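Residue numbers (this note's numbering), protein chains in the order written: chain P, 192 to 305; chain D, -11 to 101.
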């Protein structure tokens, strides 16, 4: 069974600084997708960034980028120039094969200090 | 365009009752998935519907059921509610499996007393 592990329950970053959120996963599939979702207090899960496993190039979306290490099964999220609005829970998620469900990690609460 | 709409936003039910939650996906999205979010278990997959057919189901008891209508709107039903069913229920829709990710609604907060 596929699992997603986020070992850090909480992190804090100074506004304008850079922070990296860690995620590891376990799978025997060769074709899969990885996602980072943000959940602010409004509860809605917002897609931050996604990565196709077959692509070697790391995905980037403005201030958000990932470090995808396929052999190590690691998928970390880097947030540059952190803003107060980045404070939220962040979930790493995985989806693979004919099964389209998302498997989520436990999430990490990110706080941003002004 | 309108996002994924879930109704109601909040719900309080008594143990033993049943409840129906509704999800309207983004126009054009044919896949609707449901997730349960609790502090202890995190986010867990309930089921997915595509073109009115359930094509995947998570590991939940038969008290949890769902359906999808021809306009892609989906409902989930929980019968004989238990205290442990208290959770945030999230619905997500997508155009195609995985490719564009999933767009989530704001959820229904169910409290069972």
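By construction, the Cβ of each residue, glycine as well, lies at the ideal position given by its N, Cα and C atoms.
Quantities reported herein were computed from a predicted structural model and do not represent experimental measurements.
Using a Cβ-Cβ cutoff of 7 Å, what residues of the region 27 to 45 of chain D are near chain P? List them in chain order. For the region 27 to 45 of chain D, which is checked against every Cβ of chain P, the residues closer than 7 Å are 30, 31, 33, 36 and 44.
Would you mind reading off the limits of the beta strand (DSSP E) that contains residue 2 of chain D? To locate residue 2 of chain D, count along the second chain from 1; it is residue 14. Annotation for residue 2 of chain D: no beta strand (DSSP E) segment contains it, and DSSP assigns it neither H nor E.
Rounded straight-line distance, which links the Cα of residue 67 of chain D to that of residue 79 of chain D: Here residue 79 of chain D corresponds to residue number 91 of the second chain, with the count starting at 1. Here residue 67 of chain D corresponds to residue number 79 of the second chain, with the count starting at 1. Each residue's Cα considered, the two are about 18 Å apart.
Can you find a C-beta in chain D that's less than 8 Å from the C-beta of residue 199 of chain P? Position 8 of the first chain, counted from the first residue, corresponds to residue 199 of chain P. Taking a beta-carbon distance threshold of 8 Å, residue 199 of chain P does not count as an interface residue toward chain D.
Beta carbon proximity, residue 212 of chain P to chain D, threshold 8 Å: For this step, residue 212 of chain P is matched to residue 21 along the first chain. Output row for residue 212 of chain P: interface = no.
Segments assigned beta strand (DSSP E), at least 3 residues, entirely inside the region 203 to 251 of chain P: Inside the region 203 to 251 of chain P, DSSP marks whole beta strand (DSSP E) runs of 3 or more residues at positions 210 to 212, 215 to 217, 223 to 230 and 237 to 243, from first to last along the chain.
Leaving aside the five residues before and after residue 292 of chain P along the sequence, list all residues of the same chain whose C-beta is less than 8 Å from its C-beta, in chain order. Taking the first residue of the first chain as 1, we reach residue 292 of chain P at position 101. Residues of the same chain with a CB within less than 8 Å of the CB of residue 292 of chain P, apart from the 5 flanking positions on each side, are 286 in chain order.
Answer yes or no: does any C-beta atom of chain D fall closer than 8 Å to that of residue 202 of chain P? Counted from its first residue, the first chain places residue 202 of chain P at position 11. With 8 Å as the cut-off, residue 202 of chain P does not count as an interface residue toward chain D.
Quick one, which residues of the region 216 to 243 of chain P are near chain D if we go by CB-CB under 7 Å, in chain order? Taking 7 Å as the Cβ-Cβ cut-off against chain D, the residues of the region 216 to 243 of chain P that qualify are 224, 226, 233, 234, 235, 236, 238 and 241.
Cβ of residue 261 of chain P less than 8 Å from any chain D Cβ? As a position in the first chain, residue 261 of chain P is number 70, starting the count at 1. Among the residues facing chain D, residue 261 of chain P is not included, as its CB has no counterpart in that chain under 8 Å away.
Establish whether the CB of residue 62 of chain D and some CB of chain P are separated by less than 8 Å. Indexing the second chain from 1 puts residue 62 of chain D at position 74. By this cut-off, residue 62 of chain D is not an interface position.
Closer than 7 Å, Cβ to any Cβ of chain D: which residues of the region 283 to 299 of chain P, in chain order? Per Cβ criterion, the list reads 286, 290, 291, 292, 293, 295, 297 and 298.
The beta strand (DSSP E) enclosing residue 24 of chain D, as first and last residue numbers: In the second chain, residue 24 of chain D corresponds to position 36, counting from 1. Looking at the DSSP string, the run of the beta strand (DSSP E) that includes residue 24 of chain D is 19 to 26.
Quick check on the DSSP output: the beta strand (DSSP E) that includes residue 46 of chain D runs from which residue to which? The residue given as residue 46 of chain D occupies position 58 in the second chain. Going by DSSP, residue 46 of chain D is part of no beta strand (DSSP E) at all; its letter is neither H nor E.
Can you tell me the Cα-Cα spacing of residue 44 of chain D and residue 54 of chain D, whole angstroms? On the second chain, residue 44 of chain D is found 56 positions in, with the first residue counted as 1. On the second chain, residue 54 of chain D is found 66 positions in, with the first residue counted as 1. Their backbone Cα atoms lie some 11 Å apart in a straight line.
Relative to the C-alpha of residue 174 of chain P, which residue among P/202, P/194 and P/193 is closest? Coverage of chain P is limited to positions 192 through 305, which leaves residue 174 of chain P absent and any answer about it impossible.
Less than 8 Å between the C-beta atoms of residue 225 of chain P and residue 282 of chain P, yes or no? Within the first chain, numbered from 1, the residue matching residue 225 of chain P stands at position 34. Within the first chain, numbered from 1, the residue matching residue 282 of chain P stands at position 91. For residue 225 of chain P and residue 282 of chain P, no; Cβs fall outside 8 Å.
Looking only at C-alpha atoms, which of P/244, P/246, P/240 and P/264 sits nearest to residue 256 of chain P? Translated into the one-based positions of the first chain, residue 256 of chain P becomes position 65. Residue P/240 is the option with its Cα nearest to residue 256 of chain P.
Meets three-Cβ-pair contact criterion under 8 Å: the region 232 to 247 of chain P and the region 207 to 214 of chain P: The answer is no - the region 207 to 214 of chain P does not touch the region 232 to 247 of chain P, with fewer than three Cβ pairs under 8 Å.
Report the neighbours of residue 21 of chain D on chain P: residues whose CB is nearer than 7 Å to its CB, in chain order. For this step, residue 21 of chain D is matched to residue 33 along the second chain. Within chain P, the residues near residue 21 of chain D are 292.
By how many angstroms is the C-alpha of residue 218 of chain P removed from the C-alpha of residue 137 of chain P? Residue 137 of chain P lies beyond the residue range present for chain P, which begins at 192 and ends at 305; the question has no answer from this structure.
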